[in-house]
Amino acid sequence: MAERDARAARKKLIWRVVQILISVVLVVAIFAYAIPKIADYRSVWQAFTNMTWLELTSLVVATVFNLFTYWWQNMASIPGLGLWQAAVNNQTTTSIADTIPGGGYIAVGVGYTMYRSWGFPASAIALSALVTGIWNVFMKLGLPVIALAILAVQGQASGGLVLASLVGVLVLAGGVVLFALVLWKKELAHRIGDGLGRAVSVVLRLIRRPSVEHWGEAAVRFRRQTIDLVSKRGIALTVTTIVSHLALFLVLLLAVRHVGVSESEISTAQVLGVFAFGRLVTALPLTPGGLGLVELSYIGGLILAGRAHANVPTDVFHAQVAAAVLVFRTLTYGIQIPLGAFTYLIWRFNKSWRRPVVGEPEPQPAAPVAGS
Numbered sequence: 000m001a002e003r004d005a006r007a008a009r010k011k012l013i014w015r016v017v018q019i020l021i022s023v024v025l026v027v028a029i030f031a032y033a034i035p036k037i038a039d040y041r042s043v044w045q046a047f048t049n050m051t052w053l054e055l056t057s058l059v060v061a062t063v064f065n066l067f068t069y070w071w072q073n074m075a076s077i078p079g080l081g082l083w084q085a086a087v088n089n090q091t092t093t094s095i096a097d098t099i100p101g102g103g104y105i106a107v108g109v110g111y112t113m114y115r116s117w118g119f120p121a122s123a124i125a126l127s128a129l130v131t132g133i134w135n136v137f138m139k140l141g142l143p144v145i146a147l148a149i150l151a152v153q154g155q156a157s158g159g160l161v162l163a164s165l166v167g168v169l170v171l172a173g174g175v176v177l178f179a180l181v182l183w184k185k186e187l188a189h190r191i192g193d194g195l196g197r198a199v200s201v202v203l204r205l206i207r208r209p210s211v212e213h214w215g216e217a218a219v220r221f222r223r224q225t226i227d228l229v230s231k232r233g234i235a236l237t238v239t240t241i242v243s244h245l246a247l248f249l250v251l252l253l254a255v256r257h258v259g260v261s262e263s264e265i266s267t268a269q270v271l272g273v274f275a276f277g278r279l280v281t282a283l284p285l286t287p288g289g290l291g292l293v294e295l296s297y298i299g300g301l302i303l304a305g306r307a308h309a310n311v312p313t314d315v316f317h318a319q320v321a322a323a324v325l326v327f328r329t330l331t332y333g334i335q336i337p338l339g340a341f342t343y344l345i346w347r348f349n350k351s352w353r354r355p356v357v358g359e360p361e362p363q364p365a366a367p368v369a370g371s
């Protein structure tokens, strides 16, 4: 048993090192080679310095508003959660997920530990993670469909984009139907949970991992708790999810406009389309927070969308686009990391929010917390 555990630990360590190496290679290749091939960094800096203080201030205000929308979504998903508690939890977990390769798992554990320290039961924490995750996935899948529909109405969508939109509609509809069936009947929830459990177990066995169990019972519990939460906070959860995504889009749109790219060069609908598909790239677990991959997808997408940039030299246009994307990512990704470190310290040293969990024994943390 000890030897088997040691082998498993070695494999886990090797995989961790491989993950880190892949992330580093990708990030270096994109920022040191791919992006400079598109736009020279000196030209990018020049495009950035052309922004006025008023434009920079509006970007900061939009970024702060975007942060608040994430906190409001957390508050909608966990009854009794305060605004600053939501801020501390969201910023800390976001910072971890955006810094460490595969950090999403650690972020979940840290977020869970925070909620428990504030007296929230495990069932409420798990339900919040599942429901906000589902709502965000639906929004990420729905945005490209909406953007492509707008482009089609405006006559800016090609046949390939229309086909992609139809595929997106089918995927989104399938997810919505599956979710609706889980909520409709307890028996269906049990069957769907068992079916998903069997499918996951097949994959796990291929990589020599133990199978999962009792997913049917878990789906029934999830159904009961979700119906209760959605009946009370469904509207608030839906509104805050939509607003959080649109607020993030607003930061990108302002960055594009403030560096000098006009509506005639890249329309708002085209920016929305690039943003929507770029959001899907963040799901790729190759680099923390999609670092490098997201920037490249946004820059490439916006350049393709703005091919008709009349009266603007190609190199200037490319520099403007790259500057807009890098400013956007600095505000919505880069700043999150030191901010998350600060909020983690707030949680560690602010004892006034600490509460015992009523009616439940205190479990062990789901994942290790740095500094504990």
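Numbering (numbering that gives the first Met the number 0), first residue to last: 0 to 371.
Here a beta-carbon is modelled for each residue, glycine too, at the ideal position from N, C-alpha and C.
All of these numbers come straight from a predicted model, not from anything done at the bench.
Taking only three categories from DSSP, how would you classify residue i?
i: ALA33; result: helix
i: ASN73; result: helix
i: ALA366; result: With a pLDDT of only 41 at ALA366, under the threshold of 50, the placement of this residue in the model should not be trusted; the figure read from the coordinates follows. Here ALA366 sits in coil by DSSP.
i: ARG256; result: helix
i: GLU361; result: Any reading at GLU361 must be qualified, since the residue scores a pLDDT of 47, below 50, and its modelled position is unreliable; no value is offered.
i: TRP134; result: helix
i: SER351; result: coil
i: THR331; result: helix
i: PRO78; result: coil
i: ILE99; result: coil
i: PRO143; result: helix
i: LYS10; result: helix
i: ASP39; result: coil
i: GLN153; result: coil
i: THR239; result: helix
i: VAL356; result: coil
i: SER261; result: coil
i: THR93; result: helix
i: PHE64; result: helix
i: GLN18; result: helix
i: THR286; result: coil
i: SER371; result: With a pLDDT of 32 at SER371, under the threshold of 50, the modelled position of that residue is not reliable, and the figure given next carries that caveat. The answer is coil: DSSP assigns SER371 none of H, G, I, E or B.
i: HIS244; result: helix
i: ASN310; result: coil
Would you call residue i buried or exposed, if buried means 16 or more other Cβ atoms sit within 10 Å of its Cβ?
i: LEU12; result: exposed
i: GLN269; result: buried
i: TYR343; result: buried
i: ASN73; result: buried
i: PHE348; result: exposed
i: VAL337; result: Residue identity differs from the one stated: residue 337 is Pro in this sequence, not Val. Exposed, because fewer than 16 other Cβ atoms sit within 10 Å of the Cβ of PRO337.
i: GLY272; result: buried
i: ASN65; result: buried
i: GLN335; result: buried
i: ARG278; result: buried
i: ALA318; result: buried
i: ILE298; result: buried
i: SER122; result: exposed
i: VAL144; result: buried
i: ILE77; result: buried
i: VAL130; result: buried
i: TRP52; result: exposed
i: GLY196; result: buried
i: THR56; result: exposed
i: GLY192; result: buried
i: ILE234; result: exposed
i: GLN90; result: buried
Within the continuous alpha helix (DSSP H) that includes residue i, where are the two ends?
i: ASP314; result: 313-328
i: ILE105; result: 102-116
i: GLY272; result: 267-280
i: TRP346; result: 335-348
i: LEU303; result: 292-304
i: THR51; result: Here THR51 belongs to no alpha helix (DSSP H), and DSSP marks it neither H nor E.
Assuming residue i contacts residue j under a Cβ cut-off of 8 angstroms, what Cβ separation, rounded to an integer in Å, is found between them?
i: VAL258; j: THR62; result: Actually they do not touch by this definition, with Cβ atoms about 16 angstroms apart.
i: TYR114; j: ASN135; result: About 18 angstroms separates the two Cβ atoms, so there is no contact after all.
i: VAL379; j: ALA254; result: What is shown of the chain runs 0 to 371, which leaves residue 379 out entirely.
i: ILE34; j: GLU294; result: 7 angstroms
i: SER94; j: ALA282; result: Not confirmed; about 19 angstroms, so no contact.
i: LEU150; j: ALA275; result: That belief does not hold up - the Cβ atoms of LEU150 and ALA275 are roughly 11 angstroms apart, past 8 angstroms.
Subject >> Inter-stretch contact at 8 angstroms, needing at least 3 Cβ pairs: the stretch 327-338 / the stretch 261-270 >> reply: Too few Cβ pairs lie closer than 8 angstroms, so no.
Original post:
For the stretch 66-76 against the stretch 237-257, are there 3 or more C-beta pairs whose distance is under 8 angstroms?
Top reply: Yes, since at least three Cβ pairs between the stretch 66-76 and the stretch 237-257 fall closer than 8 angstroms, the two stretches touch.
**OP:** Evaluate contact between the stretch 336-355 and the stretch 79-95, counting only Cβ atoms and requiring at least three cross-stretch pairs below 8 angstroms.
**Re:** Cβ pair count under 8 angstroms is three or more, so yes.
Original post:
Just checking, does the stretch 293-308 make contact with the stretch 94-114 on the three C-beta pairs under 8 angstroms criterion?
Top reply: Touching, no.
**OP:** Would you check if the stretch 35-46 and the stretch 318-325 touch, i.e. whether three or more CB-CB distances between them fall below 8 angstroms?
**Re:** Yes, since at least three Cβ pairs between the stretch 318-325 and the stretch 35-46 fall closer than 8 angstroms, the two stretches touch.
Subject >> contact_flag[the stretch 280-288, the stretch 85-103] where n(CB pairs < 8 angstroms) is 3 or more >> reply: Taking a cut-off of 8 angstroms for Cβ pairs, the stretch 280-288 and the stretch 85-103 touch, as three or more such pairs fall below it.
Original post:
Is the stretch 288-297 touching the stretch 25-34 in the sense that three or more CB pairs, one from each, lie closer than 8 angstroms?
Top reply: These segments touch.
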